[in-house]
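The next block holds one structure in the form of structure tokens; read it before the comments.
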Amino acid sequence: MQVNDLKKTGIVIALNNEPYQVIFSQHSKTARGQSFVRTKLKNLATGQVLEKTFNASDKVEEANIEKIKANFLYIEEEKAFFMNNQNYDQFFLPLKPLIDKKKFLREGLEVDILFFNKTPINVDLPKKVDLKVIEAPPSVRGDSATTPTKTVVLETKAKITVPIFVKKDDLIRVNTDTGEYVERV
């Protein structure tokens, strides 16, 4: 693969035998005419972000990433357990690379698991998930004039800001990219 292909964010490359996703790229030229590509790469296995500059003449290897559908089961001792939807095998991922996604993982949620060299390395969440509100402060009459939002606790123990009309036991839809309230279901 040519370095110029790295201009597309989201592409996954193998660097030092580890999978990295391009999260930012910028093509530049020097005064002498040499071109290079500055990138920010996220290690899909560890979550670590690094900056790397490639010369235009460099070659990069595209990572062989496989996706399978799986259901989230539970979290135990810094491990998240999943079940393959095709063969019902159970496996786990370390919680460290999933730390930002943990707040959206509810039992039974269908996700895509990313495999690199036949090893599970990370999770692709659906864009939106439905979660139950387990704690919500009561709305006080007159609140809507000054603070039309409040913070609630979801079934995954995540705290998010929602409109004032959301109550305990409501089912709400949350955007997994931003962590923001979308709508009441």
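Letter by letter, the sequence shown follows residues 24 to 208 in the numbering used here.
Backbone N, C-alpha and C define an ideal beta-carbon position, used for all residues, glycine too.
Residue j and residue i - do their beta-carbons sit closer together than 9 Å?
i	j	result
Y97	A103	yes
F95	L132	yes
P42	I88	yes
I187	K173	yes
F114	P149	no
L128	V156	no
Assign residue i to one of three DSSP states: helix, strand, or coil.
i	result
V72	strand
N66	strand
N27	helix
K124	coil
N108	coil
A103	strand
For residue i, which beta-bridge partners are listed by DSSP?
i	result
P119	Looking at the sequence itself, residue 119 is Lys, so the reference to Pro does not match. DSSP, once it has assigned bridges, lists no residue as partnering K119.
L96	L96 pairs with nothing; no bridge assigned.
R61	Q49 and T76
I36	Y43 and E85
What number of angstroms, rounded off, separates the C-alpha of residue i from the C-alpha of residue j?
i	j	result
K124	M106	17 Å
K65	E84	15 Å
A93	L73	29 Å
V175	L154	11 Å
F139	A86	8 Å
G33	T62	12 Å
K119	T179	17 Å
Ignoring anything shorter than 3 residues or poking outside the segment 127-207, list the beta strand (DSSP E) runs there in chain order. Counting whole runs of 3 or more residues, the segment 127-207 contains the beta strand (DSSP E) stretches 133-139, 142-147, 151-158, 172-177, 182-186, 194-198 and 204-207.
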